[in-house]
């Protein structure tokens, strides 16, 4: 929804030990990363991937509104596990952002990997694209009262039976997209 926040996981599927990650997050105009009172980006490392607490995250915002990230070990630690989020950032959606589907791009991606002999090398990765849809109705809030409750479920059932309900918002009744 416009004016809301969402969590954006940065996913990594790897079959080698990763000793560092570098990427640039390109968000569309109207989306920014949430920051705390000190001006630092709000993020978390995935605790499900072993040893995530032994990594530091460095970031910078460029003049085009892109966010560069470096995730580096505090020691000789590598990212363990083979699949999942390595970083989760909080994204703000502007109040006036128009309804639509917008691209989110990870670019200038590279991994520092460690081979079986402990040698480090850099792998450059292609840009990765996904999209995010901005809507003007909350999924599941079929009566647009700002809450999802039993009334919404009843309105959706009546709609599916062909019974018109006053105040029914059809696109909000699509609870799972």
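Residue numbers (the numbering used here): 439 to 615.
Beta carbons: idealized from backbone N, C-alpha and C, even for Gly.
Is the beta carbon of residue 548 sitting closer than 8 angstroms to the one on residue 558?
-> Here residue 548 corresponds to residue number 110 of the chain shown, with the count starting at 1. Here residue 558 corresponds to residue number 120 of the chain shown, with the count starting at 1. Cβ distance not < 8 angstroms, so residue 548 and residue 558 don't count as in contact.
Which ranges does the alpha helix (DSSP H) cover as unbroken runs of at least 4 residues, wholly within the region 498-555, from first to last along the chain?
-> You should have found no qualifying run.
Closest to residue 467 by CA distance: which of 496, 446, 511, 534 is it?
-> As a position in the chain shown, residue 467 is number 29, starting the count at 1. If we check each option's Cα against that of residue 467, 534 comes out closest.
For residue 482, the nearest candidate out of 495, 605, 610 (CA to CA) = Within the chain shown, numbered from 1, the residue matching residue 482 stands at position 44. Residue 495 is the option with its Cα nearest to residue 482.
So, helix, strand or coil for residue 572, using DSSP?
-> Start at 1 with the first residue of the chain shown, and residue 572 comes out as number 134. In the structure shown, residue 572 falls within a strand segment according to DSSP collapsed to helix, strand and coil.
Straight-line CA distance for residue 458 to residue 608?
-> Along the chain shown, one-based indexing puts residue 458 at 20. Along the chain shown, one-based indexing puts residue 608 at 170. Residue 608 has its alpha-carbon roughly 46 angstroms from the corresponding atom of residue 458.
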